[in-house]
Amino acid sequence: QVQLAESGGGLVQTGGSVRLSCAASGTIIGNNVMVWYRQAPGKQRESVAVITSGGSTDYVDSVKGRFTISRDNALNTIYLQMEKLKPEDTAVYYCKAVDGRDNRAYWGQGTQVTVSS
Numbered sequence: 010q011v012q013l014a015e016s017g018g019g020l021v022q023t024g025g026s027v028r029l030s031c032a033a034s035g036t037i038i039g040n041n042v043m044v045w046y047r048q049a050p051g052k053q054r055e056s057v058a059v060i061t062s063g064g065s066t067d068y069v070d071s072v073k074g075r076f077t078i079s080r081d082n083a084l085n086t087i088y089l090q091m092e093k094l095k096p097e098d099t100a101v102y103y104c105k106a107v108d109g110r111d112n113r114a115y116w117g118q119g120t121q122v123t124v125s126s
């Protein structure tokens, strides 16, 4: 059974930093496409950052230069380092795994990040 557990969210001031973690079990993150999504109140969920099995990364324009996605294969965990946070970054952040063998998608439960102005 695949499980993804996000952690690291909280309340941070504008300009501050937060690192989110997503620990995976039941799947090997190095074999998957791993994605961080976020959903702000009243808005659709959007893809924020992605890391492929080959290690390539990509970001939505609004976070380029501020957010960094990375992974630790030994810990089977991915991270989202968030810098220079803005109030508009406030959202629930979700981790998603797309299994490289069958393209099945798995989601974590989400972690709240609130950026105060």
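Residue numbers for the sequence shown follow our numbering, so the first one is 10 and each next one is one higher. C-beta: ideal position from N, C-alpha, C; glycine also. Values in this document were obtained by computation on a predicted structure and should not be read as measured data.
Residue interval of the beta strand (DSSP E) (run including residue 1): The chain is shown only over 10 to 126; residue 1 falls outside these bounds and no answer can be derived.
Close beta carbons around residue 119, own chain, < 7 Å, minus the five adjacent residues each side: The residues are 15, 101, 102 and 103.
For residue 24, is the classification buried or exposed, using 16 other Cβ atoms within 10 angstroms of its Cβ as the cut-off for buried? Result: exposed.
Please list, in chain order, all residues of the same chain as residue 86 whose beta carbon is under 8 Å from its beta carbon, the five residues on each side excluded. Correct list, in chain order: 30, 31, 32, 33, 38 and 80.
Below 8 Å on the Cβ atoms is my guess for residue 18 versus residue 122; work out the distance and round it to an integer in Å. The distance from the Cβ of residue 18 to that of residue 122 is about 5 Å, consistent with a contact at the 8 Å cut-off.
Please report the straight-line C-alpha distance between residue 113 and residue 89, rounded to a whole angstrom. Cα to Cα, residue 113 sits roughly 22 Å from residue 89.
Is the CB-CB distance between residue 59 and residue 42 below 8 Å? Yes, the Cβ-Cβ distance between residue 59 and residue 42 is below 8 Å.
At 4 residues or longer, and completely inside the region 10-67: list those alpha helix (DSSP H) runs for me, N to C. Counting only runs of at least 4 residues, the region 10-67 fully encloses no alpha helix (DSSP H) element at all.
Would you please state the rounded distance, in angstroms, between the beta carbons of residue 94 and residue 21? I believe it to be under 8 Å. The Cβ separation is near 6 Å, so the contact holds.
Pair within 8 Å by beta-carbon distance, residue 46 and residue 105: Their beta carbons are under 8 Å apart, which means residue 46 touches residue 105 by this criterion.
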